[in-house]
């Protein structure tokens, strides 16, 4: 049977009032965003929409027909007006006169820029001819699970006819491109009453004379397919379960164990970020009788395939007799075997002009009774790859329940994956940022230095986990950074660094969120001031607990992860000038900070053989934005120096050799330097960011 989400009908979200005063391109945008808002219609980046619009030619002043179509690399759910390519229809039609046949169809992409209307810089996608040559004003091309389940069935043509009659036609598999555009035109001309067409192993095309008609046709056709499967697909999913589903806590615990090990094994050439999914659709699949044979067939829809690779890797794990250690021990051989199999696939299918073999590691990892892990170059891509494979699971569920599921033939899959046009698109992608694929945990992440450090790391592409005990400030910091860089790139954990259990839990949450760890910025802190005779044991222990024991606990946990990943690691301590230079009335604080610095030196010695680097940044007097300086510490230091609180910042500035104030962003810059490959040959070092203080010179 279909799961609840798959079986539920799509809602008609068209609101007559909203598009009433819109232009035709604006109605196209409205329609596109509605369609892209539901993953059952199409996944992120998948599908396409278009409208043929009469507009004034800016050069001649004449009214001409213009194709508005989603541009290359866009997403219909989040697209804006500048995401559409615009092309002259008369020029697109003129391309038919220079088309040399199917063997040369790829060269037609090079002619699309010559058809650009109004100097639009948005590149047209390879799907452009598919929309241009359908003789209807509004065209939708979607990848709904329920339709692809029909398209990926062995008897897909028969099923299409049975479900839709003559309203929806059927075309055999053809890779998207110019030739398929001509096929669609021919179908429409020969079947003028048809409202759409199912493309074998691919998806759905629908159309209409108005934006509303096209949208409502798309929703109606998908709902009819959902209803048909709901009535017909009543057998147990994937042949029924043959393995138990572990409890949620057990699934999470196993994922936390597996993810850093897998990540370490597949990140030799490029750091990867992970995503875990144990949704019901995934669990139904990974506990089923048909898991291995269906997984081996791979996906059918080209969009699914490009995101999830030729096939997933099914991890050898028995939830009926769980032995995680045995599974971990078998991972290196399993991953090596997958790489060898992928290399064989490349060798069998490559052409003389094929691009060099890309990363041979799996994207999707299926664990019986536990769930699915996906790894990709960043968190968003890993998550989206998982979503695509869930779509593929839904497709296999539907197709295998009413017919025989058919994946893409191996050669067709290769020709899409290593398509020269796809390679050209990859080559145009911007160079990865310096910390792309890196995962960082920042303690004291809600404070001034912590948040500024997280911001700096995220600027360079890192995923960051903010750890702090101040839940209100923590959520505010997470929200601020998520708004700036995207919610995929930041998580938060409530962590008391003096608690072993809290530290272990916080690092475990980091593993589950992103799959591993590369950078620890140990920054949690406090400050206290008291003459030694007035320093209570409670105050002394509080400083030692947070500034020495806390740094030890988080470092120990980071070391454990780094060693399990076997891919090196990076720790940066945010200590203090006071760790090197004594200060009056602060013996507990200064001693604890000195302990931090010496701990870092010890860890640098221990970690070097495993390529774990440990370095220190020593700030001084970072008053602005600091949680420490907003409390009693500021008043205490002012009292120690016998001055007003308002005079303190100027005092520190004038005391420095450079006569400059030090800000959180200055500390963040130093942390970034030590966390990045710019300092790849540095460990055991101290970088003072104190505007110059001779007492804290390290040599």
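Numbering (the UniProt record's numbering), first residue to last: 1 to 699. Where a beta carbon is used, it is the ideal one built from N, C-alpha and C, also for glycine.
Buried or exposed for residue 48, going by 16 or more other Cβ atoms inside 10 Å?
Counting the other CB atoms within 10 Å of its CB gives residue 48 a total of 16 or more, which places it among the buried residues.
Does DSSP classify residue 310 as helix, strand or coil?
Three-state result, residue 310: coil.
From the beta carbon of residue 514, is the nearest beta carbon of chain D less than 9 Å away?
The chain inventory of the structure shown lacks chain D, comprising one protein chain alone.
From the DSSP output, which residues share a beta bridge with residue 586?
Beta-bridge pairing links residue 586 to 530.
Given a cut-off of 9 Å on the beta-carbon distance, is the pair residue 305 and residue 413 in contact?
Closer than 9 Å, so yes.
Does the beta-carbon of residue 127 have 16 or more other beta-carbons within 10 angstroms, so that it is buried, or is it exposed?
Buried is the call here.
Endpoints, alpha helix (DSSP H) assigned at residue 49:
Following the DSSP letters along the chain, one finds residue 49 in no alpha helix (DSSP H) but inside the beta strand (DSSP E) bounded by residues 48-56.
May I have a chain-ordered list of the beta strand (DSSP E) segments no shorter than 3 residues that lie completely inside the region 426-482?
List check, beta strand (DSSP E) in window: 439-443 and 463-468.
On the CB-based measure, 16 or more other CB atoms within 10 Å of its CB, does residue 598 come out buried or exposed?
Residue 598 comes out exposed.
Presumed contact (8 Å Cβ cut-off) between residue 217 and residue 195, rounded CB distance:
With 8 Å as the limit, residue 217 and residue 195 qualify as a contact, their Cβ atoms being about 5 Å apart.
Euclidean distance between Cα positions of residue 292 and residue 266:
Answer to the nearest angstrom: the Cα atoms are 22 Å apart.
C-alpha distance - residue 227 paired with residue 220, whole-angstrom precision:
Looking at the backbone, the Cα of residue 227 and that of residue 220 are separated by about 10 Å.
Under a three-way DSSP split, which group does residue 383 fall into?
Correct three-state label for residue 383: helix.
Given a threshold of 16 other Cβ atoms within 10 Å of its Cβ, counted over all protein chains shown, does residue 698 qualify as buried or as exposed?
Classification of residue 698: exposed, given that the 10 Å Cβ count is below 16.
Counting Cβ pairs, one atom from each stretch, are 3 or more of them under 8 Å apart for the region 378-393 and the region 276-296?
When C-beta atoms of the region 378-393 are compared with those of the region 276-296, three or more pairs fall below 8 Å, so the two segments count as touching.
Excluding five sequence neighbours on each side, which residues of the same chain lie with their C-beta closer than 6 Å to the C-beta of residue 55?
Correct list, in chain order: 66.
When burial is assigned at 16 or more other CB atoms within 10 Å of the CB, is residue 581 buried or exposed?
That one is buried.
Using 10 angstroms around the beta-carbon of residue 428, count the other beta-carbons present and answer buried if the total reaches 16, otherwise exposed.
With a threshold of 16 other beta carbon atoms within 10 Å, residue 428 falls short and is exposed.
Within a Cβ cutoff of 6 Å, which residues of the same chain sit near residue 702, ignoring the five residues on either side of it in sequence?
Examination of residue 702 is not possible in this model, given that the chain is present from 1 through 699 alone.
Can you give me the start and stop residues for the beta strand (DSSP E) that residue 714 sits inside?
Outside the shown range of the chain, which is 1 to 699, sits residue 714, and nothing can be said about it.
Does the Cβ of residue 532 have 16 or more other Cβ atoms within 10 Å, making it buried, or fewer, making it exposed?
Counting Cβ neighbours within 10 Å, residue 532 comes out exposed, since fewer than 16 surround it.
If you follow the alpha helix (DSSP H) that residue 693 is part of, which residue opens it and which one closes it?
Following the DSSP letters along the chain, one finds residue 693 in no alpha helix (DSSP H), marked with neither H nor E.
Close Cβ partners of residue 452 (< 6 Å) along its chain, the five nearest in sequence each way excluded
Only 664, 665 and 668 meet the Cβ criterion.
When the distance is taken between beta carbons, is residue 145 closer than 9 Å to residue 224?
Going by C-beta atoms, residue 224 is not nearer than 9 Å to residue 145.
CA-to-CA distance, residue 143 to residue 32, given in whole angstroms
Residue 32 and residue 143 have their alpha carbons spaced roughly 13 Å apart.
Using the Cα positions of residue 141 and residue 490, report the straight-line distance between them to the nearest angstrom.
Their Cα atoms are separated by approximately 33 Å.
According to DSSP, simplified to helix, strand and coil, what is residue 117?
Coil, per DSSP.
Hey, how far is the Cα of residue 603 from the Cα of residue 478?
If I take the Cα positions, the gap works out to 30 Å.
Is the beta carbon of residue 246 closer than 9 Å to that of residue 322?
Closer than 9 Å, so yes.
Going by alpha carbons, who is nearest to residue 438 out of 516, 363 and 485?
Comparing Cα-Cα distances from residue 438 to each of 516, 363 and 485, the minimum goes to 516.
Count the other C-beta atoms from every protein chain shown that fall within 10 angstroms of the C-beta of residue 2, then say buried if there are 16 or more, exposed otherwise.
For residue 2, the predicted structure reports a pLDDT of 39, less than 50, and the residue's modelled location is therefore unreliable. The matter cannot be settled from this model.
Quick one: residues in its chain with C-beta nearer than 6 Å to the C-beta of residue 411, no 5 flanking neighbours on either side, listed in chain order?
349.
Quick one: what does DSSP say residue 148 is sitting in, helix, strand or coil?
Judged by DSSP in its simplified three-state form, residue 148 adopts helix.
Could you work out which residue in 587, 115, 567 and 585 is closest to residue 608 when comparing CA atoms only?
Selected option, being the one with the closest Cα: 567.
Three-state secondary structure (DSSP) at residue 245?
In the three-state reduction of the DSSP assignment, residue 245 falls in the coil class.
In or out: residue 456 buried (at least 16 other Cβ within 10 Å) or exposed?
Buried, by the Cβ-count rule.
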